[in-house]
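Numbering (the numbering used here), first residue to last: 48 to 164.
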Amino acid sequence: MRYYVAWCFVLLLIPLPVFGHVYILECNPEQDAILDAPPEKITITFVGTVEPVFSKIEVFDSEGNKVSGKKTEFSEDDTVMEVTLKENLNPGKYTVKWACMSLDGHKQTGEYSFTLN
Ligand SMILES: [Cu+2]
């Protein structure tokens, strides 16, 4: 908690244009996509920079089993998050849950699903 408070204080010193939430520009697979082949990975592209330490993607099957890899990867400019998926996913509905912290220190979460035929 103390770390978080300190972090907010540092952010107050950063000039205004850096502030702001991030927004999702693009997800791959897309929300509500119906796929014939299992995707190898999930990629979420943001408008804005995320803080990798507090950001991740996790993917779950319809029974709540986690099917994504342990580590979320980030692009060099921290605008793209990516996680690999297990091989040989069964047909069904999958839920992508993401969490990130933007540079203004706000945590954001969201989820969407896709279906594998
Ligand atoms: Cu914010």
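Cβ coordinates follow ideal geometry from the N, Cα and C atoms, glycine included.
Following a CB-centred definition, is residue 124 positioned closer than 7 angstroms to any heavy atom of ligand 1?
In the sequence shown, counting from the first residue as 1, residue 124 sits at position 77. Answer for residue 124: no, Cβ out of range of ligand 1.
Spatial neighbours of residue 115 in its chain, beta-carbon cut-off 6 angstroms, leaving aside the 5 residues before and after
Residue numbering aside, residue 115 sits at position 68 when the sequence shown is read from its first letter. Close CB contacts of residue 115 within its chain, under the 6 angstroms cut and outside five residues either way in sequence, are with 105, 106, 130 and 132 (chain order).
Take the Cβ of residue 94 as the centre, count every other Cβ of all protein chains shown within 10 Å, and call the residue buried at 16 or more, exposed below.
Along the sequence shown, read from residue 1 onward, the residue named residue 94 stands at position 47. Residue 94 counts as exposed, since fewer than 16 other beta carbons sit within 10 angstroms of its beta carbon.
Flag this pair as yes or no: are the beta carbons of residue 82 and residue 163 separated by less than 8 angstroms?
In the sequence shown, the residue the question calls residue 82 occupies position 35. In the sequence shown, the residue the question calls residue 163 occupies position 116. Yes, the Cβ-Cβ distance between residue 82 and residue 163 is below 8 angstroms.
Can you tell me whether residue 119 is buried or exposed, with buried defined as 16 or more other CB within 10 angstroms of its CB?
Taking the first residue of the sequence shown as 1, we reach residue 119 at position 72. A residue is called buried when at least 16 other Cβ atoms come within 10 angstroms of its Cβ; residue 119 meets this threshold and is buried.
Check whether the Cβ of residue 149 lies closer than 7 angstroms to any heavy atom of ligand 1, and answer yes or no.
As a working mapping, residue 149 is identified with position 102 in the sequence shown. Placement of the Cβ of residue 149 at a distance of less than 7 angstroms from at least one heavy atom of ligand 1 is found.
Please list, in chain order, all residues of the same chain as residue 62 whose beta carbon is under 8 angstroms from its beta carbon, the five residues on each side excluded.
Numbered from 1 along the sequence shown, position 15 holds the residue referred to as residue 62. Bear in mind that the predicted position of residue 62 carries a pLDDT of just 47, short of 50, making it unreliable; the figure below should be weighed with that in mind. For residue 62, where only same-chain residues beyond five positions count, there are no Cβ hits under 8 angstroms.
Per-residue burial, residue 138 [other beta carbons within 10 Å of its own, 16 or more giving buried]:
Here residue 138 refers to the residue found at position 91 of the sequence shown. Burial is judged here by how many other beta carbons sit within 10 angstroms of a residue's own beta carbon; residue 138 has fewer than 16 and is exposed.
Just to confirm the assignment, what range does the beta strand (DSSP E) spanning residue 119 have?
Looking up residue 119 in the sequence shown gives position 72. According to the DSSP assignment, residue 119 belongs to no beta strand (DSSP E), since it is labelled neither H nor E.
Where does residue 100 fall in DSSP's three states?
Within the sequence shown, numbered from 1, the residue matching residue 100 stands at position 53. Three-state DSSP puts residue 100 in a helix.
Look at residue 126 and residue 90 and say whether their C-beta atoms are less than 8 angstroms apart.
Here the question's residue 126 lines up with position 79 in the sequence shown. Here the question's residue 90 lines up with position 43 in the sequence shown. No, they are not a contact pair.
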